[in-house]
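Chemist: For what it's worth, our numbering labels the leading residue of the sequence shown as 1, then goes sequentially.
For each residue, glycine too, the CB sits at the ideal point set by N, CA and C.
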Amino acid sequence: MKFCLTNRNNIDDFFLLLSINNNMYIFLFQNRGKMPRGKGTDAKPRGRMTAYAFFVQTCREEHKKKHPDENVIFAEFSKKCAERWKTMNEKEKKRFHEMADKDKLRYDTEMQSYIPPKGEKVRGKKRKQIKDPNAPKRSLSAFFWFCNDERGKVKAVNPEYGVGDVAKELGKKWSDADITVKQKYEAMAEKDKARYEREMTEYKNKGKPTLLQQQQQHQMLVQQQQQILAQQQQQQQMMAVKDESDEDDDDEDDDE
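So this is what it looks like as structure tokens:
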């Protein structure tokens with residue numbers, strides 16, 4: 001008898017595969033709760049989520065509300081989410097990017113006060129990529145432009161707040177902000193995005209010849225080729241004249 005426990009790439013459905021006398025029996029277990037996480041003060045902060053991860057999570061929650069008794073095949077569900085995400089425009093993705101920005105702020109804030117337990121092994125640590133100091137500064141989202149303006153005000157009103165409390169208050173203020181206020185910061189974000197793309201293009205093309213320089217180089221190359229061709233033609237003409245002269249000399253010798 002052999003058995004193993006697997007989740008078939010589905011975080012909620014677990015299967016017990018039981019093999020008896022080469023016959024396979026499958027038992028389905030529904031996991032109604034989340035996996036336990038550390039709740040102590042020393043617990044490592046939960047990793048930050050991307051905009052796409054929030055999108056998939058939202059789709060899954062909406063699907064569960066509509067079809068609570070349906071068992072979702074994660075591979076198929078994930079494929080449909082990926083296809084839908086590709087067809088969405090920036091306006092439709094905006095709220096998920098805002099959720100990701102908030103979660104990044106939460107994660108960065110919690111990591112500042114996190115001290116790893118003694119003897120904890122850091123697995124899968126990636127090498128920190130060295131950044132070029134001359135590279136353009138990344139563009140900020142509307143939420144981060146809002147935070148830059150409001151952070152000082154929150155600290156002034158609540159001097160006892162720590163970094164985490166300030167971050168939570170900023171997230172709350174952004175959620176409650178009027179649409180006209182959000183439009184102001186969205187316009188700033190769009191302007192900053194255009195600045196970043198422009199500077200990034202210049203940065204990537206740095207050291208490369210401009211269009212005018214490329215045209216001048218091409219013109220010089222054409223001139224060089226024309227000069228070489230003219231020299232070859234001149235040499236051929238000189239050789240032809242020499243051959244004619246030699247033939248005339250031979251004719252004179254024959255007459256004599």
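Which whole-angstrom value describes the C-beta separation of Tyr107 and Arg48, a residue pair presumed to lie in contact below a C-beta threshold of 8 angstroms?
Modeler: Within the sequence shown, the letter at position 107 stands for residue 107. Within the sequence shown, the letter at position 48 stands for residue 48. Contact holds; Cβ gap of about 4 angstroms.
Chemist: With distance defined between alpha-carbon atoms, name the residue in Lys184, Phe96, Thr180, Asp178 nearest to Ala53.
Modeler: Position 53 of the sequence shown holds residue 53. Looking at the Cα atoms, Phe96 is the closest of the given residues.
Chemist: Put Thr58 into one of helix, strand or coil per three-state DSSP.
Modeler: Position 58 of the sequence shown, counted from the start, is the residue given in the question as residue 58. Note: Thr58 maps to helix in three-state DSSP.
Chemist: Is Asn23 helix, strand or coil by DSSP?
Modeler: Taking the first residue of the sequence shown as position 1, residue 23 is located at position 23. Here Asn23 scores only 45 on pLDDT, less than 50, and its place in the model should not be relied on; the value that follows carries that caveat. Strand.
Chemist: Is the Cβ-Cβ distance between Ala189 and Ala135 less than 8 angstroms?
Modeler: As a first step, residue 189 is located in the sequence shown; it is residue number 189 there, counting from the start. As a first step, residue 135 is located in the sequence shown; it is residue number 135 there, counting from the start. No. Outside cutoff.
Chemist: Should Val241 be labelled buried (16 or more other beta-carbon atoms within 10 Å of its own) or exposed?
Modeler: Residue mapping note: residue 241 aligns to position 241 of the sequence shown, counting from 1. Val241 comes out exposed.
Chemist: Should Ser175 go down as buried or exposed, given a rule of 16 or more other Cβ atoms within 10 Å for buried?
Modeler: Here residue 175 corresponds to residue number 175 of the sequence shown, with the count starting at 1. Answer is exposed; the Cβ neighbour count stays below 16.
Chemist: DSSP on Thr50, reduced to helix/strand/coil?
Modeler: Translated into the one-based positions of the sequence shown, residue 50 becomes position 50. Looking at Thr50 - three-state DSSP - the assignment turns out to be coil, as it is neither helix nor strand.
Chemist: Could you compute how far the alpha carbon of Asn158 sits from the alpha carbon of Val72?
Modeler: Taking the sequence shown and counting its residues from 1, one reaches residue 158 at position 158. Taking the sequence shown and counting its residues from 1, one reaches residue 72 at position 72. Approximately 46 angstroms, taken between the alpha carbons.
Chemist: Which ranges does the alpha helix (DSSP H) cover as unbroken runs of at least 4 residues, wholly within the segment 133-195, from first to last along the chain?
Modeler: Fully enclosed alpha helix (DSSP H) runs of 4 or longer: 142-157, 163-176.
Chemist: Between the Cα of Phe146 and the Cα atoms of Gly207, Lys184, Val56, which residue gives the shortest distance?
Modeler: On the sequence shown, position 146 is the one that residue 146 refers to. Ranking the options by Cα distance to Phe146, first place goes to Lys184.
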